[in-house]
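K.L.:
Keeping their order, the protein sequence lines are chains A and B.
Quick note: the first sequence, position 282, residue 335 per my numbering, numbers continuous.
Quick note: the second sequence, position 279, residue 332 per my numbering, numbers continuous.
Dropping the structure in here first, questions after.
There are 2 protein chains.
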Amino acid sequence: MSESPSTRPPPDDVRMRGFTRRSTVEEAWAWLDRQVTLLAPEHVPLRQAAGRVLAEAVASRVDVPGFARAMMDGFALRAADTLGASAYNRLALRVIGESMPGRGFAGAVGPGEAVRIMTGAPLPAGADAVLPFEQAECEAGERSPSESRCTAHRLAVLGEVGPGKHVGRLSEDVAAGTEVLPTGHRLRPQDVGLLAAIGVAEAPVVRRPRVRIVVTGNELLPAGSAPQPPRIVDSNGPMLEALVARDGGLPDHPGIVPDEPDAILDALRSEADVVLVSGGSSVGREDHAPLLLRQHGELALHGIAMRPSSPAGMGTLDGRLVFLLPGNPVSCLAAYDFFAGRAIRAVGGLPADWPYRRIRVPLARKIVSMVGRLDYQRVRLVGGRAEPLAIAGASILSSTVRADGFAIVPPDSEGLPQGAEVEVFFYGLGG
Amino acid sequence: MSESPSTRPPPDDVRMRGFTRRSTVEEAWAWLDRQVTLLAPEHVPLRQAAGRVLAEAVASRVDVPGFARAMMDGFALRAADTLGASAYNRLALRVIGESMPGRGFAGAVGPGEAVRIMTGAPLPAGADAVLPFEQAECEAGERSPSESRCTAHRLAVLGEVGPGKHVGRLSEDVAAGTEVLPTGHRLRPQDVGLLAAIGVAEAPVVRRPRVRIVVTGNELLPAGSAPQPPRIVDSNGPMLEALVARDGGLPDHPGIVPDEPDAILDALRSEADVVLVSGGSSVGREDHAPLLLRQHGELALHGIAMRPSSPAGMGTLDGRLVFLLPGNPVSCLAAYDFFAGRAIRAVGGLPADWPYRRIRVPLARKIVSMVGRLDYQRVRLVGGRAEPLAIAGASILSSTVRADGFAIVPPDSEGLPQGAEVEVFFYGLGG
Numbered sequence: 054m055s056e057s058p059s060t061r062p063p064p065d066d067v068r069m070r071g072f073t074r075r076s077t078v079e080e081a082w083a084w085l086d087r088q089v090t091l092l093a094p095e096h097v098p099l100r101q102a103a104g105r106v107l108a109e110a111v112a113s114r115v116d117v118p119g120f121a122r123a124m125m126d127g128f129a130l131r132a133a134d135t136l137g138a139s140a141y142n143r144l145a146l147r148v149i150g151e152s153m154p155g156r157g158f159a160g161a162v163g164p165g166e167a168v169r170i171m172t173g174a175p176l177p178a179g180a181d182a183v184l185p186f187e188q189a190e191c192e193a194g195e196r197s198p199s200e201s202r203c204t205a206h207r208l209a210v211l212g213e214v215g216p217g218k219h220v221g222r223l224s225e226d227v228a229a230g231t232e233v234l235p236t237g238h239r240l241r242p243q244d245v246g247l248l249a250a251i252g253v254a255e256a257p258v259v260r261r262p263r264v265r266i267v268v269t270g271n272e273l274l275p276a277g278s279a280p281q282p283p284r285i286v287d288s289n290g291p292m293l294e295a296l297v298a299r300d301g302g303l304p305d306h307p308g309i310v311p312d313e314p315d316a317i318l319d320a321l322r323s324e325a326d327v328v329l330v331s332g333g334s335s336v337g338r339e340d341h342a343p344l345l346l347r348q349h350g351e352l353a354l355h356g357i358a359m360r361p362s363s364p365a366g367m368g369t370l371d372g373r374l375v376f377l378l379p380g381n382p383v384s385c386l387a388a389y390d391f392f393a394g395r396a397i398r399a400v401g402g403l404p405a406d407w408p409y410r411r412i413r414v415p416l417a418r419k420i421v422s423m424v425g426r427l428d429y430q431r432v433r434l435v436g437g438r439a440e441p442l443a444i445a446g447a448s449i450l451s452s453t454v455r456a457d458g459f460a461i462v463p464p465d466s467e468g469l470p471q472g473a474e475v476e477v478f479f480y481g482l483g484g
Numbered sequence: 054m055s056e057s058p059s060t061r062p063p064p065d066d067v068r069m070r071g072f073t074r075r076s077t078v079e080e081a082w083a084w085l086d087r088q089v090t091l092l093a094p095e096h097v098p099l100r101q102a103a104g105r106v107l108a109e110a111v112a113s114r115v116d117v118p119g120f121a122r123a124m125m126d127g128f129a130l131r132a133a134d135t136l137g138a139s140a141y142n143r144l145a146l147r148v149i150g151e152s153m154p155g156r157g158f159a160g161a162v163g164p165g166e167a168v169r170i171m172t173g174a175p176l177p178a179g180a181d182a183v184l185p186f187e188q189a190e191c192e193a194g195e196r197s198p199s200e201s202r203c204t205a206h207r208l209a210v211l212g213e214v215g216p217g218k219h220v221g222r223l224s225e226d227v228a229a230g231t232e233v234l235p236t237g238h239r240l241r242p243q244d245v246g247l248l249a250a251i252g253v254a255e256a257p258v259v260r261r262p263r264v265r266i267v268v269t270g271n272e273l274l275p276a277g278s279a280p281q282p283p284r285i286v287d288s289n290g291p292m293l294e295a296l297v298a299r300d301g302g303l304p305d306h307p308g309i310v311p312d313e314p315d316a317i318l319d320a321l322r323s324e325a326d327v328v329l330v331s332g333g334s335s336v337g338r339e340d341h342a343p344l345l346l347r348q349h350g351e352l353a354l355h356g357i358a359m360r361p362s363s364p365a366g367m368g369t370l371d372g373r374l375v376f377l378l379p380g381n382p383v384s385c386l387a388a389y390d391f392f393a394g395r396a397i398r399a400v401g402g403l404p405a406d407w408p409y410r411r412i413r414v415p416l417a418r419k420i421v422s423m424v425g426r427l428d429y430q431r432v433r434l435v436g437g438r439a440e441p442l443a444i445a446g447a448s449i450l451s452s453t454v455r456a457d458g459f460a461i462v463p464p465d466s467e468g469l470p471q472g473a474e475v476e477v478f479f480y481g482l483g484g
């Protein structure tokens with residue numbers, strides 16, 4: 054769109070005169086899914102691991118716990134020494150020491166002996182059970198055993214405990230050699246906790262995709278500016294940054310790129326794994342991106358049988374996936390949702406499917422569509438029914454802000470009647 | 054648990070001898086919900102605004118777009134000048150200039166005149182419609198109008214357009230003065246885009262809660278270490294960090310705190326909005342945190358009628374919410390899920406309810422419970438049924454890793470029979 058001398062009109066043989074045939078969404082997905090290859094693994098500290106996807110299965114090298122331990126505060130002893138004990142038949146034991154968490158008792162418990170023990174402390178050699186304080190009394194008598202040490206005292210056993218009672222077994226949480234988490238698992242908070250417990254310091258995870266965001270348009274001011282008619286503020290850049298981050302990618306949005314082929318080609322040639330181009334994706338004279346892709350890479354699909362976003366396209370350049378997203382913000386969002394987000398999630402190891410929560414509800418009003426075209430219909434949820442938003446213009450971003458989500462009218466349908474059940478995908482942050 | 058001289062046993066009058074009465078989960082929620090006050094607003098750049106909660110409604114000060122604009126590439130003209138035009142009745146107009154995106158045509162379009170215009174460019178004064186290139190021909194004839202400039206040429210109109218055709222109206226997306234987003238709204242990607250479009254540079258959002266994580270236990274090694282029996286690696290710290298971040302909080306986890314009252318009190322007294330204490334929450338001699346809270350703040354509830362997590366507690370210190378989470382990792386997770394997470398979400402402006410996706414499915418096996426106690430039951434989803442995980446120990450973190458989510462057995466129930474329908478809450482990252 055620029056008047057600068059660097060603007061060279063592309064040669065006629067790469068110029069397109071309108072979309073000769075639009076691809077179906079299914080065709081686009083099939084092409085896309087063939088292109089996707091999982092990114093290489095990297096190791097990240099546990100603190101950064103939540104939400105990341107395991108690049109390999111993790112097996113434990115150690116037992117957790119690595120020792121038998123007390124599950125109650127009380128006395129470690131031989132269960133056999135409590136046989137027949139009750140409040141009316143107090144059995145006496147000699148307290149020979151204590152075992153504290155992180156600092157066990159060095160000796161062994163013999164017949165007639167006990168060791169004071171706190172929850173989490175290692176069970177001493179020779180002992181096979183823990184008698185809780187509630188079932189014991191210090192012979193010294195002046196304080197309850199939970200409040201005194203009962204060391205160098207004699208102990209009265211007031212009840213029986215069986216072998217293994219109140220003892221956490223060696224390796225009862227994780228046995229050495231066990232696979233604790235499989236390849237491809239997305240780490241939840243408790244998974245990170247377990248990795249810590251088995252001594253993992255860095256998790257092997259799929260690298261996050263770097264996503265270059267190329268926003269073109271000479272009418273655009275960068276986000277954060279006030280609009281100055283006839284210039285408008287870029288809304289696609291910040292929206293795409295948030296979408297990419299939601300889908301596990303690392304957005305790289307250096308700023309608005311002038312509508313000049315050289316500048317756009319420069320911006321496309323980044324070190325990113327995926328490139329998104331917003332604006333100039335159609336077949337007009339000022340739509341440089343499709344032509345650049347045909348000249349310098351592969352324009353695999355251009356024009357999709359959907360509304361909005363029919364001028365979307367995709368291809369590759371220098372081995373990188375490139376998505377051509379229409380500049381109209383609703384089209385940009387839909388094309389991201391249908392194609393770019395799918396690829397970003399997949400190369401990062403996440404499920405390719407939409408991250409949106411979904412419900413099935415009846416339509417509050419009919420939707421009219423066209424056979425041969427998929428419709429991306431913004432809806433509001435009102436009283437448990439999906440109400441299609443009347444404003445259909447691809448330039449009306451506020452329609453997606455008023456919407457709770459979207460419904461899809463399949464290409465083989467002329468529309469959906471009032472009351473028909475539709476699946477609503479809730480806009481949100483995924484997870 | 055320390056032997057250091059700074060350990061002072063608390064005076065007998067604040068010492069508790071077991072839980073005299075456990076609070077119900079409902080009572081704990083009621084107390085909690087009374088404590089919650091929304092944090093103050095702050096302004097953040099749009100790039101950091103996705104996922105944040107609006108502290109105030111946002112109204113637009115401007116019209117978007119701030120001018121009428123072309124929605125197609127073509128010619129801006131007076132619709133009346135196309136009346137009766139067809140391929141057999143070509144009407145001639147004089148092309149007097151061009152209007153480009155971001156750089157309009159300075160003059161006005163009079164009768165019999167047209168201005169070449171590109172999508173997004175401002176409609177010139179006098180024009181009321183856009184004739185697409187497809188319905189026009191340059192009289193010069195050598196190239197189609199989409200490829201030549203048709204400036205200083207005469208133009209043949211091949212079809213009619215009505216007033217307003219292919220014109221985006223002034224303010225059709227957002228009219229100045231309109232509230233575009235309400236207070237309390239969590240910003241989705243398209244919302245951030247719309248804020249950019251209306252010229253917002255920084256979004257007014259609720260401050261993220263700072264959450265101090267105090268992990269106590271002399272047996273604990275920091276996450277990232279290898280376990281060295283009888284010492285184990287802290288799993289609650291990294292798990293809580295991930296949970297807090299998921300719930301919109303900023304975790305502050307300085308490291309393992311020795312089991313000494315002075316050290317724990319120091320760690321409790323942070324600049325945080327919410328304090329989580331993991332470990333030493335019960336009524337044993339080495340459980341310092343409840344006593345510290347009673348001595349220096351308020352121990353509002355201690356002991357909850359649930360399993361696991363019955364030794365959980367909560368209160369306030371220096372006006373800050375403090376949660377006492379049991380050290381056993383499953384109890385820690387459950388107590389976080391039931392109480393701490395709820396508070397962190399609420400003070401940060403998020404819905405207090407669980408962020409977990411939920412479904413209703415039948416139970417694959419019965420669950421036995423006890424009247425008067427709520428059970429937090431880990432389950433796996435197998436063939437569309439919820440299978441309770443047999444290993445119930447509160448110390449078995451791997452049970453939550455093998456689980457897909459949890460089900461709740463309410464306190465008025467002795468358990469649930471096989472086939473009973475339960476609501477399963479999926480562990481995950483929320484969103």
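Quick reminder that beta carbons are idealized off the backbone N, C-alpha and C, glycines included.
Return the bridge partner residues of A:Y429 from the DSSP annotation.
P.N.:
Taking the first sequence and counting its residues from 1, the one referred to as residue 429 of chain A is at position 376. A:I461.
K.L.:
Between which two residues does the alpha helix (DSSP H) harbouring B:A383 extend?
P.N.:
In the second sequence, residue 383 of chain B corresponds to position 330, counting from 1. Rather than Ala, the amino acid found at residue 383 of chain B in this sequence is Val. 382-388 is the span of the alpha helix (DSSP H), which, as asked, contains B:V383.
K.L.:
Roughly how far, in whole angstroms, is the beta-carbon of B:V258 from the beta-carbon of B:L107, given that I think they are within contact range, below 8 angstroms?
P.N.:
Position 205 of the second sequence holds residue 258 of chain B. Position 54 of the second sequence holds residue 107 of chain B. Their Cβ separation, rounded to whole angstroms, is 6 angstroms, which keeps B:V258 and B:L107 in contact under 8 angstroms.
K.L.:
Just the chain A side, please: which residues come within less than 7 angstroms of B:S224 by C-beta, in chain order?
P.N.:
Numbered from its first residue, the second sequence carries residue 224 of chain B at position 171. Neighbours of B:S224 on chain A: none; closest Cβ ~10 angstroms, over 7 angstroms.
K.L.:
Helix, strand or coil for B:E294, going by three-state DSSP, please let me know.
P.N.:
What you label residue 294 of chain B is simply residue 241 of the second sequence in a count that begins at 1. Here B:E294 sits in helix by DSSP.
K.L.:
At what residue ranges does the segment 343-403 of chain B contain a whole run of the beta strand (DSSP E), taking only runs of 3 or more?
P.N.:
351-355, 366-370, 373-378
K.L.:
Using the beta-carbon of each residue, which ones in chain A are nearer than 7 angstroms to B:V286?
P.N.:
What you label residue 286 of chain B is simply residue 233 of the second sequence in a count that begins at 1. Going along chain A in sequence order, the residues near B:V286 (Cβ under 7 angstroms) are A249, A250, G252.
K.L.:
Would you tell me roughly how many angstroms separate the C-alpha atoms of B:L450 and B:A112, rounded to the nearest one?
P.N.:
Locating residue 450 of chain B in the second sequence gives position 397, where the first residue counts as 1. Locating residue 112 of chain B in the second sequence gives position 59, where the first residue counts as 1. One C-alpha to the other measures close to 48 angstroms.
K.L.:
Between which two residues does the alpha helix (DSSP H) containing A:A439 stretch?
P.N.:
Within the first sequence, residue 439 of chain A is the residue found at index 386, counting from 1. Not the alpha helix (DSSP H): A:A439 falls in the beta strand (DSSP E), residues 438-441.
K.L.:
With a threshold of 8 angstroms between beta-carbons, can B:T204 be considered close to chain A, or not?
P.N.:
Against the second sequence, residue 204 of chain B aligns to sequence position 151. Reliability fails at B:T204, whose pLDDT of 49 lies under 50, so the model's placement of it is uncertain and the value that follows must be treated cautiously. False, the Cβ-Cβ gap to chain A never drops below 8 angstroms.
K.L.:
What do you reckon, are the CB atoms on A:G119 and B:P282 nearer than 8 angstroms?
P.N.:
What you label residue 119 of chain A is simply residue 66 of the first sequence in a count that begins at 1. What you label residue 282 of chain B is simply residue 229 of the second sequence in a count that begins at 1. In this structure, B:P282 lies closer than 8 angstroms to A:G119 by Cβ.
K.L.:
Reducing DSSP to helix, strand and coil, say where B:G221 ends up.
P.N.:
Indexing the second sequence from 1 puts residue 221 of chain B at position 168. Three-state DSSP puts B:G221 in a strand.
K.L.:
Give a yes or no on whether 8 angstroms exceeds the smallest Cβ distance from B:T453 to chain A.
P.N.:
In the second sequence, counting from the first residue as 1, residue 453 of chain B sits at position 400. Yes, B:T453 counts as interfacial toward chain A.
K.L.:
In chain order, what are the residue ranges of uninterrupted alpha helix (DSSP H) at least 4 long that sit wholly in the segment 128-201 of chain B?
P.N.:
Taking only runs of at least 4 residues, no alpha helix (DSSP H) segment lies wholly in the segment 128-201 of chain B.
K.L.:
For the segment 72-81 of chain A against the segment 224-232 of chain A, do three or more pairs of beta-carbon atoms, one drawn from each stretch, fall closer than 8 angstroms, so that the two count as touching?
P.N.:
With the cut-off at 8 angstroms, the segment 72-81 of chain A and the segment 224-232 of chain A do not touch.
K.L.:
Within 8 angstroms of any Cβ in chain A, is that where the Cβ of B:N289 sits?
P.N.:
Counted from its first residue, the second sequence places residue 289 of chain B at position 236. Yes, B:N289 lies at the interface with chain A (some Cβ there is under 8 angstroms from its Cβ).
K.L.:
Can you tell me the Cα-Cα spacing of B:A121 and A:T369, whole angstroms?
P.N.:
Counting from one through the second sequence, the residue named residue 121 of chain B turns up at place 68. Counting from one through the first sequence, the residue named residue 369 of chain A turns up at place 316. Their Cα atoms are separated by approximately 36 angstroms.
K.L.:
Less than 8 angstroms between the beta carbons of B:L403 and B:A388, yes or no?
P.N.:
Translated into the one-based positions of the second sequence, residue 403 of chain B becomes position 350. Translated into the one-based positions of the second sequence, residue 388 of chain B becomes position 335. Going by C-beta atoms, B:L403 is not nearer than 8 angstroms to B:A388.
K.L.:
Closest to A:S323 by CA distance: which of A:E95, A:D305, A:P464 is it?
P.N.:
Here residue 323 of chain A is taken as the residue at index 270 of the first sequence, counted from 1. Ranking A:E95, A:D305, A:P464 by CA distance to the CA of A:S323 puts A:D305 first.
K.L.:
Helix, strand or coil: how does DSSP classify A:P311 here?
P.N.:
Here residue 311 of chain A corresponds to residue number 258 of the first sequence, with the count starting at 1. Three-state result, A:P311: coil.
K.L.:
Buried or exposed for A:T90, going by 16 or more other Cβ atoms inside 10 Å?
P.N.:
Taking the first sequence and counting its residues from 1, one reaches residue 90 of chain A at position 37. By the neighbour-count rule (16 or more Cβ atoms within 10 Å), A:T90 is not buried but exposed.
K.L.:
Are there 16 or more other CB atoms within 10 angstroms of the CB of A:I317, so buried, or fewer, so exposed?
P.N.:
The residue you call residue 317 of chain A lines up with position 264 of the first sequence. A:I317 counts as buried, since no fewer than 16 other beta carbons sit within 10 angstroms of its beta carbon.
K.L.:
Which residues in the same chain have their Cβ closer than 6 angstroms to the Cβ of B:H96, if we skip the five residues on either side of it in sequence?
P.N.:
Reading the second sequence from its first residue, position 43 is the one you call residue 96 of chain B. Counting only Cβ-Cβ distances below 6 angstroms, and skipping sequence neighbours, we find E255, P257.
K.L.:
Could you check how far apart the C-beta atoms of A:G127 and A:V183 are, in whole angstroms? I think they sit under 8 angstroms.
P.N.:
For the purposes of this step, residue 127 of chain A is identified with residue 74 of the first sequence, where counting begins at 1. For the purposes of this step, residue 183 of chain A is identified with residue 130 of the first sequence, where counting begins at 1. So it is a contact: roughly 5 angstroms between Cβ atoms.
K.L.:
Chain A beta carbons: is any one of them nearer than 8 angstroms to that of B:G154?
P.N.:
Position 101 of the second sequence, counting from 1, holds the residue named residue 154 of chain B. According to the sequence displayed, residue 154 of chain B carries Pro and not Gly. Interface residue, yes.
K.L.:
To the nearest angstrom, how far is it from the Cα of B:P464 to the Cα of B:G372?
P.N.:
The residue given as residue 464 of chain B occupies position 411 in the second sequence. The residue given as residue 372 of chain B occupies position 319 in the second sequence. Taking the straight line from one Cα to the other gives about 31 angstroms.
K.L.:
Taking B:D7 as part of the alpha helix (DSSP H), name the residues at either end of that continuous run.
P.N.:
One cannot answer for residue 7 of chain B here, as it falls past the ends of chain B, which runs 54 to 484.
K.L.:
Thinking just about the alpha-carbon of each residue, which of B:P242, B:A358, B:D319, B:V227 is nearest to the one in B:H341?
P.N.:
As a first step, residue 341 of chain B must be located in the second sequence, where it is residue number 288. Closest by alpha carbon: B:D319.
K.L.:
Out of B:L344, B:R433, B:R455, B:L352, which has the shortest C-alpha to C-alpha gap to A:G246?
P.N.:
Position 193 of the first sequence holds residue 246 of chain A. Ranking the options by Cα distance to A:G246, first place goes to B:R455.
K.L.:
With distances taken between CB atoms, is the gap from A:L345 to A:L374 smaller than 8 angstroms?
P.N.:
Looking up residue 345 of chain A in the first sequence gives position 292. Looking up residue 374 of chain A in the first sequence gives position 321. No, they are not a contact pair.
K.L.:
With a threshold of 16 other CB atoms inside 10 Å of the CB of A:F392, please say whether the residue is buried or exposed.
P.N.:
Against the first sequence, residue 392 of chain A aligns to sequence position 339. Flag for A:F392 reads buried.
K.L.:
Interface residues of chain B around A:S19 at Cβ under 8 angstroms?
P.N.:
This structure does not reach residue 19 of chain A, given that chain A is present from 54 up to 484, and the question cannot be answered.
K.L.:
Within 8 angstroms of any Cβ in chain B, is that where the Cβ of A:E195 sits?
P.N.:
Along the first sequence, read from residue 1 onward, the residue named residue 195 of chain A stands at position 142. Only weak support is given to the placement of A:E195: the predicted model assigns it a pLDDT of 43, under 50, and the value that follows is read from those uncertain coordinates. No, A:E195 lies away from the interface with chain B (no Cβ there is under 8 angstroms from its Cβ).
K.L.:
Look at the Cβ atom of B:G160, then the Cβ atom of B:I149, and state whether they are nearer than 8 angstroms.
P.N.:
In the second sequence, residue 160 of chain B corresponds to position 107, counting from 1. In the second sequence, residue 149 of chain B corresponds to position 96, counting from 1. In contact: B:G160 and B:I149 (Cβ atoms closer than 8 angstroms).
K.L.:
Going along chain D, which residues have a C-beta under 8 angstroms from B:R410?
P.N.:
Although the question refers to chain D, the structure presented lacks it and instead comprises the protein chains A and B.
K.L.:
Verify the CB distance criterion: does B:Q348 have a CB-CB separation below 8 angstroms to chain A?
P.N.:
For the purposes of this step, residue 348 of chain B is identified with residue 295 of the second sequence, where counting begins at 1. No, because no Cβ of chain A sits closer than 8 angstroms to the Cβ of B:Q348.
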